[in-house]
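Residue numbers (my numbering): 26 to 545.
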């Protein structure tokens, strides 16, 4: 039997401290009992605070809950329920279903698979719920996935994103926070190259390492200064018994957490000193904020070794994406293939993980996205976590994402493959667009895209029927012009006017009106 691995030593240390942790927790509860007069003395409060700090510093933090039971939709408080709607061995897709009939754009939030759970984006989800139908990737802790489920690498990550977009349909917008910016933009490129009708309407990349050669941070320099074998030798370990993923090679979450904390060690030490002081003084609000933050921050998960190593090699060592050398399943990832997906990039001025300019690089690499379908924003006075959480995110960044999504919610005719890099976008030709893919939901909007068209110009639609169509989410000629036979049948059923759309030739009339509207 060889020497113990760092992971095994970590597990043994955790097990050895369990009796002391239990004793500290029991002592804390005894001192907090209102019938115990000693607990109210200055020395008793110091002991109580010390026991809690010890217990919290030595425990293993489990996956937190999202805890978002309600949201505000149009000024009305409505209930929210979580549903797992798609699942694979290494990921679940969670839908935050709002108890409302309002149809808002579907928003897929791709959480980072970098050590923390998806609940780190609780604030992101909460901010987007009022105006969007939100879904989020919930990555599974690799130490809990049996070895029999196979491997999971960066190619699999890209495949998962594509599969989720297929599941959600072609009217989905995607937001990638930090690390997933690379696989998400790669997925968009793969889908566009294949003329996949389920490519997202827009993608928002936030604080992502698209090109880490730009303003490299300490994290970037550390990765670039070592070869892949160094990472394989020093940070890859096997999951110990008795976890479900026993013998799986992983990058342990506790190593990732140690790295993050070491970058700002003084800040974390001071935070725990202040927490101890707040407990002694009885400042429950400040102590509660500390608990909430560290319950999330200290909850970590393992990553599969193959995913971690391929990401380090592709993104941080070889810079394969910006160099045009990234591959997916043996085929090049060509960002110039992205033509019809609107692109928003967001960065934080003080980001010390993904430096300013690293995410914006996507704007320069996706050369065939029309200018009116792209935007970039740098949020002043925020670091990495402020890009997707906090007061400035809620007041400055989230509204910009919502406006971008709503602006690009209307499907546009596809830009022709192979058009010159800097050519102007082709004129809008709604009448030439192919019928929308999927059910009727694929063409419905939460609100008009600009000024609503006068649907009463279509013979057979009066004021009352126009109101009904608007209530369903139909505001424009192009929506009617692109209806497929299946969508017409579904709309007929909703209107209870069997055959009326065909008899009155709504689609043909809408195609003519749409053509006139764009000067055709």
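Note that CB positions come from ideal geometry on N, CA and C, so glycine has one too.
Just so you know, these numbers come straight off a predicted model, no measurement behind them.
Three-state secondary structure (DSSP) of residue 231:
For this step, residue 231 is matched to residue 206 along the chain shown. DSSP places residue 231 in strand when its eight states are reduced to three.
According to DSSP, simplified to helix, strand and coil, what is residue 451?
Working through the chain shown from its first residue, we reach residue 451 at position 426. In this prediction, residue 451 scores a pLDDT of 36, lower than 50, which makes its location untrustworthy; the coordinate-derived value is nonetheless stated afterwards. Coil.
Do the region 317-326 and the region 139-147 make contact, defined as three or more Cβ pairs closer than 8 Å?
yes
Have a look at residue 229 and residue 371 and give me their C-alpha separation to the nearest angstrom.
In the chain shown, residue 229 corresponds to position 204, counting from 1. In the chain shown, residue 371 corresponds to position 346, counting from 1. Looking at the two C-alpha atoms, the distance is approximately 7 Å.
Determine the direct distance from the alpha carbon of residue 168 to that of residue 31, and round the result to whole angstroms.
For this step, residue 31 is matched to residue 6 along the chain shown. For this step, residue 168 is matched to residue 143 along the chain shown. In a straight line, the C-alpha of residue 31 is about 15 Å away from that of residue 168.
Nearest-angstrom Cα distance between residue 346 and residue 317?
Numbered from 1 along the chain shown, position 321 holds the residue referred to as residue 346. Numbered from 1 along the chain shown, position 292 holds the residue referred to as residue 317. Each residue's Cα considered, the two are about 37 Å apart.
Whole-number beta carbon distance between residue 469 and residue 128, since they are thought to touch under 8 Å:
Looking up residue 128 in the chain shown gives position 103. Looking up residue 469 in the chain shown gives position 444. About 5 Å separates the two Cβ atoms, so the contact holds.
Could you tell me if residue 349 is buried or exposed, where buried requires 16 or more neighbouring beta carbons within 10 angstroms of its beta carbon?
Here residue 349 refers to the residue found at position 324 when the chain shown is read from its first residue. Result: exposed.
Could you round the C-beta distance between residue 379 and residue 434 to whole angstroms and report it? I think they count as a contact, below 8 Å.
The residue given as residue 379 occupies position 354 in the chain shown. The residue given as residue 434 occupies position 409 in the chain shown. No, residue 379 and residue 434 are not in contact; Cβ-Cβ is about 28 Å, not under 8 Å.
Hey, could you find the ends of the alpha helix (DSSP H) residue 202 is sitting in?
Stepping through the chain shown from its first residue, residue 202 is reached at position 177. No alpha helix (DSSP H) contains residue 202, which is instead part of the beta strand (DSSP E) from 197-202.
Boundaries (first-last residue) of the alpha helix (DSSP H) holding residue 120
Reading the chain shown from its first residue, position 95 is the one you call residue 120. First-last for residue 120: 116-123, but that is the beta strand (DSSP E), not the alpha helix (DSSP H).
May I ask you to report which of helix, strand or coil DSSP gives residue 104?
Here residue 104 refers to the residue found at position 79 when the chain shown is read from its first residue. Residue state, collapsed to three classes: strand.
With 16 other CB atoms within 10 Å as the buried threshold, where does residue 385 fall?
On the chain shown, residue 385 is found 360 positions in, with the first residue counted as 1. With 16 or more Cβ atoms within 10 Å of its Cβ, residue 385 is classed as buried.
Would residue 259 be called buried (16 or more neighbouring beta carbons within 10 Å of its own) or exposed?
The residue you call residue 259 lines up with position 234 of the chain shown. By the 10 Å Cβ count, residue 259 comes out exposed.
Can you tell me which of 517, 530 and 339 puts its alpha carbon nearest to the alpha carbon of residue 506?
As a working mapping, residue 506 is identified with position 481 in the chain shown. That would be 530, whose Cα lies nearest to the Cα of residue 506.
What three-state label does DSSP hand residue 331 in the structure shown?
Within the chain shown, the letter at position 306 stands for residue 331. In the structure shown, residue 331 sits in a helix (DSSP, three-state: H, G or I).
Mind checking which residues open and close the beta strand (DSSP E) that includes residue 276?
The residue given as residue 276 occupies position 251 in the chain shown. Start and end: 274-276.
Using the three-state DSSP reduction, which class does residue 443 fall into: helix, strand or coil?
As a first step, residue 443 is located in the chain shown; it is residue number 418 there, counting from the start. Note that residue 443 scores 46 on pLDDT, short of 50, meaning its location in the model is unreliable and no value can be drawn from it.
Cβ neighbours of residue 498 in the same chain (closer than 6 Å, five flanking residues each side left out):
Counted from its first residue, the chain shown places residue 498 at position 473. Excluding positions up to five away in sequence, the list reads 128, 469 and 470.
Is residue 131 helix, strand or coil when you go by DSSP?
One-based indexing of the chain shown puts residue 131 at position 106. Three-state DSSP puts residue 131 in a strand.
In terms of residue numbering, what span does the beta strand (DSSP E) encompassing residue 546 cover?
In the structure as shown, the chain begins at 26 and stops at 545. Residue 546 is therefore absent and cannot be evaluated.
Determine the direct distance from the alpha carbon of residue 300 to that of residue 292, and round the result to whole angstroms.
Counted from its first residue, the chain shown places residue 292 at position 267. Counted from its first residue, the chain shown places residue 300 at position 275. If I take the Cα positions, the gap works out to 12 Å.
Mark residue 224 as exposed unless 16 or more other C-beta atoms lie within 10 angstroms of its C-beta, in which case mark it buried.
For the purposes of this step, residue 224 is identified with residue 199 of the chain shown, where counting begins at 1. It is buried - the Cβ of residue 224 has at least 16 other Cβ atoms within 10 Å.
Decide if residue 131 is buried, meaning its Cβ has at least 16 other Cβ atoms within 10 Å, or exposed.
One-based indexing of the chain shown puts residue 131 at position 106. Buried, because 16 or more other Cβ atoms sit within 10 Å of the Cβ of residue 131.
Taking only runs of the alpha helix (DSSP H) that begin and end inside the region 233-270, which ones reach a length of at least 4 residues, in chain order?
243-249 and 253-259
Report the three-state DSSP secondary structure of residue 512 (helix, strand or coil).
Taking the chain shown and counting its residues from 1, one reaches residue 512 at position 487. If DSSP states are grouped into helix, strand and coil, residue 512 belongs with the helices.
Inter-residue spacing [alpha-carbon to alpha-carbon] between residue 461 and residue 467:
In the chain shown, residue 461 corresponds to position 436, counting from 1. In the chain shown, residue 467 corresponds to position 442, counting from 1. For residue 461, the predicted structure reports a pLDDT of 43, less than 50, and the residue's modelled location is therefore unreliable. A value from the coordinates is still provided. Those two C-alpha atoms are separated by around 7 Å.
For the putative contact between residue 431 and residue 472, defined by C-beta atoms under 8 Å, what is the C-beta separation to the nearest angstrom?
Here residue 431 refers to the residue found at position 406 when the chain shown is read from its first residue. Here residue 472 refers to the residue found at position 447 when the chain shown is read from its first residue. The beta carbons of residue 431 and residue 472 sit about 7 Å from each other, so the pair counts as a contact at 8 Å.
If you follow the alpha helix (DSSP H) that residue 209 is part of, which residue opens it and which one closes it?
Residue numbering aside, residue 209 sits at position 184 when the chain shown is read from its first letter. Note, residue 209: alpha helix (DSSP H), 206-218.
Test: residue 246 CB closer than 8 Å to a CB of chain B:
Here there is only one protein chain, and chain B is not present.
Neighbourhood of residue 535 by C-beta distance below 7 Å, restricted to the same chain and skipping five residues each side
On the chain shown, residue 535 is found 510 positions in, with the first residue counted as 1. Counting only Cβ-Cβ distances below 7 Å, and skipping sequence neighbours, we find 483, 502, 505 and 506.
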